[in-house]
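Undergrad:
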Amino acid sequence: MALKKKGRYWYGDGPEDIQAEMQRYSQANAYPATRFAASACSCGRRVFKLETDEDTGAARRTCTACGNVHLMGDSAEYADEAEFENHECVCGAEAFELLSGVALHADSTDVRWYYLGCRCTNCSLVGVFADWKCEGGDAGDFLAAV
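This is the structure:
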């Protein structure tokens with residue numbers, strides 16, 4: 000399914016729809032996301048609760064199946080000073096499929112901006128739930144840790 004707009008929000012079926020919304024959002028932000036990675040738990044599941052601190056630049060996901068907690072990207076460097084806030088969908092659900100995207104510095108593979116996209120597993124709403132300027136180093140290494 001392609002993205003469908005209902006009222007103020009966009010809805011979709013999977014990571015490709017999260018990516019499409021992230022591309023739209025990041026273009027409007029002037030730092031287009033060009034590399035992407037979907038989050039997966041070591042148990043194999045792909046649904047998480049999400050907490051972020053955009054001011055600090057840190058994100059933490061918790062697997063809804065096994066409870067494993069994971070600091071995303073370079074968040075381990077900032078977690079001690081972070082004040083994590085839980086994300087909730089407009090429908091009230093707190094379980095999401097997650098897709099990370101990064102914008103790169105010109106002529107480089109280094110991360111310039113980080114985007115965290117979500118799809119609610121209850122109502123299928125998609126959106127970029129958090130983003131921030133990020134000096135996360137090599138994009139491949141950064142995205143391998145989401």
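So in numbering that gives the first Met the number 0, spot 4 of the sequence shown is number 3, and the numbers just go up one at a time. Ideal placement from N, C-alpha and C gives every residue a C-beta, glycine not left out.
Going along the chain, which unbroken runs of the beta strand (DSSP E) with 3 or more residues stay wholly within the segment 22-78?
TA: Taking only runs of at least 3 residues, the beta strand (DSSP E) segments lying wholly in the segment 22-78 are 34-37, 47-52, 57-62, 68-70.
Undergrad: Out of K132, G66, C88, point me to the one whose CA is closest to C122's CA.
TA: Considering only alpha carbons, the answer is C88.
Undergrad: Spatial neighbours of A92 within its chain, please: CB distance less than 6 angstroms, with the 5 preceding and 5 following residues excluded, ordered by chain position.
TA: Hits under 6 angstroms: C119, N121.
Undergrad: Contact between the segment 135-143 and the segment 65-80 is defined here as three or more beta-carbon pairs at a separation below 8 angstroms; is this criterion met?
TA: With a cut-off of 8 angstroms, the segment 65-80 and the segment 135-143 count as touching, because enough Cβ pairs lie within range.
Undergrad: Touch check for the segment 92-101 and the segment 31-49: three-plus C-beta pairs under 8 angstroms?
TA: The answer is yes - the segment 31-49 touches the segment 92-101, with three or more Cβ pairs under 8 angstroms.
Undergrad: Measure the C-alpha to C-alpha separation of V145 and K3 and round it to an integer number of angstroms.
TA: C-alpha separation (whole angstroms): 27 angstroms.
Undergrad: Considering Cα atoms alone, identify which of S25, R44, E80 is closest to N67.
TA: Looking at the Cα atoms, R44 is the closest of the given residues.
Undergrad: Following the continuous beta strand (DSSP E) through F128, name the residue where it begins and the one where it ends.
TA: Taken as a continuous stretch (DSSP letters only), the beta strand (DSSP E) holding F128 covers 124-132.
Undergrad: Between C90 and C62, which are expected to be in contact by the criterion C-beta below 8 angstroms, what is the C-beta distance as a whole number of angstroms?
TA: Actually they are not in contact, since the Cβ atoms of C90 and C62 sit about 21 angstroms apart, beyond 8 angstroms.
Undergrad: What does N85 pair with, by DSSP beta-bridge criteria?
TA: DSSP, once it has assigned bridges, lists E50 as partnering N85.
Undergrad: Looking only at C-alpha atoms, which of K48, G13, D79 sits nearest to C65?
TA: Among K48, G13, D79, the Cα nearest to that of C65 belongs to K48.
Undergrad: So is R60 buried or exposed if we call it buried at 16+ other beta carbons inside 10 Å?
TA: R60 comes out buried.
Undergrad: Taking 8 angstroms as the cut-off, decide whether the C-beta atoms of G56 and W112 are in contact.
TA: Their beta carbons are not under 8 angstroms apart, which means G56 does not touch W112 by this criterion.
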